[in-house]
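Numbering (UniProt numbering), first residue to last: 1 to 417.
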């Protein structure tokens, strides 16, 4: 088995800086056309969360996440009941890199890392977080991960159904982003998607400086991150270019990135997930307020918000698209320009947004419990640098035999509303 070679632009996309977010100041410095403001104030939730927020389950308080809140959990809080995998886990593991070698240390970085690649999956007007049980209600999304993910997906359905475009079904989590449109009636599918989970080791004293403790991702968690459709706030994402004649950098939108990304290169859309959690809720009314991002205090310390004191693994998601002639590279844009854009940039009843300025992502976790524990115990807590689904213990997730570095097909028709 050959190790995956990470290009310069992909390294930029997965910076070793633990915050793993795009500072608003950086974005403001490189654009005057997109306004980036601070993350929203966390909303307070009162009483028992309704089923549409908890996302189903038994409706009772299940088990707490070790190291997080243990008392006073309400129905639907904590984490959902364990669902045993309905397949042979051992058959989906191989010796890491063919030899069983242990991943190298992540030092001098202060976080452990677990990385893998995904292929593009289904394209649907579904969103099981925002519009659960309402197929066709959402703007168009590009899914990857669980191949059975749709408007009706729950933690239980993801754990028991579907293949996976991310190595194999040890990771049946669902990931989705706005579909990329080429302006000519086609969806541009990403060649591949890179995902990087990172967190401080639980033994690091910085866990107690950043919050109360470093904890694992709970079963049944889901959230949205990146551009906020409800408030118009934009942060924690950027665009990039990778290839022989492209210029890698942090670009605020597709228009700016395209100017430096000729045909023959790949355009990247990168977004960083939250790494602070309230320790109780798997979801919230806005699908965001139960998680959030740390900020630097006046003593130069990275701190989670007081109401989100538990540090969870964050993941950075990068979708990479082969550039073609339909991507306008002038660096100029006005409504009506024929070029690439995201499905969320033009919403019914709303002004058309600058291409790429509404980039966001959704995630609904559905990992095999033991597999996630393995990469947490080894890659994260032993401060290793694991790539390609390497679990850090001499084993590796068996790769997807259909994975390629080029999308097949690359262009598909936009499905009817």
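Beta carbons are placed, not taken as given, at the ideal position from N, Cα and C, and that holds for glycine.
This structure is a prediction, so every number in the text was calculated from the model and none was measured.
> From residue 69 to residue 78, what distance separates their C-alpha atoms?
Replying inline: Looking up residue 69 in the chain shown gives position 69. Looking up residue 78 in the chain shown gives position 78. One C-alpha to the other measures close to 8 Å.
> Is it the case that the Cβ atoms of residue 360 and residue 178 are separated by a distance below 9 Å?
Replying inline: Here residue 360 refers to the residue found at position 360 when the chain shown is read from its first residue. Here residue 178 refers to the residue found at position 178 when the chain shown is read from its first residue. Taking 9 Å as the Cβ cut-off, residue 360 and residue 178 qualify as a contacting pair.
> Roughly how many whole angstroms lie between the Cα atoms of residue 89 and residue 417?
Replying inline: Walking along the chain shown from the start, residue 89 turns up at place 89. Walking along the chain shown from the start, residue 417 turns up at place 417. Each residue's alpha carbon lies about 39 Å from the other.
> So, is residue 225 buried or exposed, given that buried needs 16 or more other C-beta atoms within 10 angstroms?
Replying inline: The residue labelled residue 225 in the question sits at position 225 within the chain shown. Label assigned to residue 225: buried.
> Looking only at C-alpha atoms, which of 412, 161, 312 and 256 sits nearest to residue 66?
Replying inline: Translated into positions along the chain shown, residue 66 becomes position 66. If we check each option's Cα against that of residue 66, 312 comes out closest.
> Cα separation between residue 372 and residue 256?
Replying inline: For the purposes of this step, residue 372 is identified with residue 372 of the chain shown, where counting begins at 1. For the purposes of this step, residue 256 is identified with residue 256 of the chain shown, where counting begins at 1. Distance between the alpha carbons of residue 372 and residue 256: 37 Å.
> Would you report the Cα separation of residue 296 and residue 192, rounded to the nearest angstrom?
Replying inline: Taking the chain shown and counting its residues from 1, one reaches residue 296 at position 296. Taking the chain shown and counting its residues from 1, one reaches residue 192 at position 192. Inter-residue distance for residue 296 and residue 192 is about 33 Å (C-alpha atoms, whole angstroms).
> CB residue 141 to CB residue 123, shorter than 9 Å?
Replying inline: Along the chain shown, read from residue 1 onward, the residue named residue 141 stands at position 141. Along the chain shown, read from residue 1 onward, the residue named residue 123 stands at position 123. It is a contact, given that the beta carbons lie within the stated cut-off.
> According to DSSP, is residue 160 helix, strand or coil?
Replying inline: As a position in the chain shown, residue 160 is number 160, starting the count at 1. Helix, per DSSP.
> Going by Cα to Cα distance, which pick from 336, 298, 413 and 405 is closest to residue 190?
Replying inline: If you number the chain shown from 1, residue 190 lands on position 190. Minimum Cα-Cα distance from residue 190 among the listed residues 336, 298, 413 and 405 corresponds to 405.
> Who pairs with residue 193 in a beta bridge, going by DSSP?
Replying inline: On the chain shown, residue 193 is found 193 positions in, with the first residue counted as 1. DSSP lists 118 and 319 as partners of residue 193.
> Roughly how many angstroms separate the alpha carbons of residue 318 and residue 194, rounded to a whole number?
Replying inline: As a first step, residue 318 must be located in the chain shown, where it is residue number 318. As a first step, residue 194 must be located in the chain shown, where it is residue number 194. In a straight line, the C-alpha of residue 318 is about 5 Å away from that of residue 194.
> Under the three-state reduction of DSSP, which class applies to residue 378: helix, strand or coil?
Replying inline: Working through the chain shown from its first residue, we reach residue 378 at position 378. Note: residue 378 maps to helix in three-state DSSP.
>> Let me make sure I understand the geometry here. Which of 154, 213, 151 and 63 has the alpha-carbon closest to that of residue 303?
In response: For the purposes of this step, residue 303 is identified with residue 303 of the chain shown, where counting begins at 1. Nearest option by C-alpha distance: 213.
> Can you check whether the CB of residue 279 is closer than 9 Å to the CB of residue 215?
Replying inline: The count along the chain shown starts at 1 and reaches residue 215 at position 215. The count along the chain shown starts at 1 and reaches residue 279 at position 279. Taking the C-beta atoms as reference points, residue 279 is found nearer than 9 Å to residue 215.
> Out of curiosity, what's the CA-to-CA distance linking residue 284 and residue 264?
Replying inline: For the purposes of this step, residue 284 is taken as the residue at position 284 of the chain shown. For the purposes of this step, residue 264 is taken as the residue at position 264 of the chain shown. C-alpha separation (whole angstroms): 42 Å.
> Quick one: what does DSSP say residue 273 is sitting in, helix, strand or coil?
Replying inline: As a first step, residue 273 must be located in the chain shown, where it is residue number 273. If DSSP states are grouped into helix, strand and coil, residue 273 belongs with coil.
> Hey, is the stretch 170-184 in contact with the stretch 374-382, meaning 3+ C-beta pairs nearer than 8 Å?
Replying inline: no
> Which of the three DSSP states, helix, strand or coil, is assigned to residue 301?
Replying inline: Here residue 301 refers to the residue found at position 301 when the chain shown is read from its first residue. Note: residue 301 maps to coil in three-state DSSP.
> So the alpha helix (DSSP H) residue 207 belongs to, where does it begin and stop?
Replying inline: Locating residue 207 in the chain shown gives position 207, where the first residue counts as 1. Residue 207 -> alpha helix (DSSP H) spans 206-210.
>> Rounded to the nearest angstrom, what separates residue 95 and residue 386 at their Cα positions?
In response: The sequence position of residue 95 within the chain shown is 95, counting from 1. The sequence position of residue 386 within the chain shown is 386, counting from 1. Going from the Cα of residue 95 to the Cα of residue 386 covers about 13 Å.
>> Along the chain, where does the beta strand (DSSP E) containing residue 414 start, and where does it finish?
In response: On the chain shown, residue 414 is found 414 positions in, with the first residue counted as 1. Where residue 414 is concerned, there is no enclosing beta strand (DSSP E), given that its DSSP letter is neither H nor E.
>> Only counting the same chain, and skipping five residues up and downstream in sequence, which positions put a Cβ closer than 6 Å to that of residue 262?
In response: Locating residue 262 in the chain shown gives position 262, counting from the first residue. The beta carbon of residue 262 sits closer than 6 Å to the beta carbons of 245 from its chain, once the five residues preceding and following it are set aside; these are given in chain order.
>> For residue 155 and residue 276, what's the separation of their Cα atoms in angstroms?
In response: Along the chain shown, read from residue 1 onward, the residue named residue 155 stands at position 155. Along the chain shown, read from residue 1 onward, the residue named residue 276 stands at position 276. Rounded to whole angstroms, residue 155 to residue 276 spans 21 Å at the Cα level.
> residue 321: which of 113, 129, 411 and 210 sits nearest, CA to CA?
Replying inline: As a position in the chain shown, residue 321 is number 321, starting the count at 1. Here the closest residue by C-alpha is 411.
>> Quick check on the burial criterion: 16 or more other C-beta atoms within 10 angstroms. Buried or exposed for residue 395?
In response: By 1-based counting over the chain shown, the position of residue 395 is 395. The residue is buried, with at least 16 neighbouring Cβ atoms inside 10 Å.
> By DSSP, does residue 112 sit in helix, in strand, or in coil?
Replying inline: Residue mapping note: residue 112 aligns to position 112 of the chain shown, counting from 1. Strand.
> Looking only at C-alpha atoms, which of 327, 348 and 144 sits nearest to residue 338?
Replying inline: As a first step, residue 338 must be located in the chain shown, where it is residue number 338. Looking at the Cα atoms, 327 is the closest of the given residues.
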